[in-house]
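Worksheet for the structure shown next.
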Amino acid sequence: MTARVAPDPAQAELLDRLRSALEDRHPREVRMFGGISFMIDGRMIAAARRHGELLLRIDPANSERLLGEPFAQPARMGPSRTMERSWIAVNPEGLTGQRLIEWLAQALSFHAAQASLREQHSPVEQ
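For reference, each letter of the sequence shown is one residue, going 1 to 126 in UniProt numbering.
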């Protein structure tokens, strides 16, 4: 059995802020992507990674624009593998004040749009 590593101080602070920001949505926390992910309706919204980095799932159509924001970069899985365009990472310096809420709004907006698409394409019960 592998020992669980306690979050570093920056990750712990981000976890607290994410819990507070998402509490009304009742997310489920899951260890993945080198951190603790927040799941809503079974889909990942965000993750608090080591050293306080935020991982977000966003609309890939907004990827280029959001990557132009200070402290945002393409998300990586490991040292050399870039994740898909719908994933971005934000350094802790870009999460001060209301910036965390603004970043979460991007992820929550994409989540809502995806949920709406799933509802439109699900079979109608009779």
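We put the CB at the ideal spot given by N, CA and C, even for glycine.
The structure displayed is predicted, hence computed values, not measured ones.
Measuring straight from C-alpha to C-alpha, what distance separates residue i and residue j?
i, j, result
"M1", "M83", "Because the pLDDT at M1 is just 49, under 50, the model does not fix this residue reliably, and the point stays unresolved."
"F38", "P9", "18 Å"
"Q11", "A48", "6 Å"
"S63", "A113", "15 Å"
"P7", "S80", "23 Å"
"H111", "I45", "7 Å"
"S109", "V5", "32 Å"
"R85", "I58", "8 Å"
"R19", "L100", "12 Å"
"E102", "R17", "13 Å"
"I40", "R28", "7 Å"
"E23", "E69", "26 Å"
Evaluate residue i with the Cβ neighbour count: other Cβ atoms within 10 Å of its Cβ, from every protein chain shown; 16 or more gives buried, anything less gives exposed.
i, result
"A107", "buried"
"H26", "exposed"
"G52", "buried"
"I88", "buried"
"A75", "buried"
"G35", "buried"
Looking at C-alpha atoms only, which residue of the options is the closest neighbour of residue i?
i, options, result
"A72", "A48, L54 and R81", "L54"
"V90", "L67, H111, Q98 and D24", "L67"
"G97", "R43, L14 and E23", "L14"
Based on the DSSP output, what are the partners of residue i in its beta bridges?
i, result
"F38", "E29 and A46"
"residue 127", "With the chain running from 1 to 126 in the structure shown, residue 127 is simply not present."
Specify, as a first and last residue, the run of the beta strand (DSSP E) that residue i falls within.
i, result
"R57", "L54 to R57"
"A89", "W87 to V90"
Quick check on the DSSP output: the alpha helix (DSSP H) that includes residue i runs from which residue to which?
i, result
"P9", "P9 to L22"
"E69", "Segment: none, E69 is in no alpha helix (DSSP H) and carries neither H nor E."
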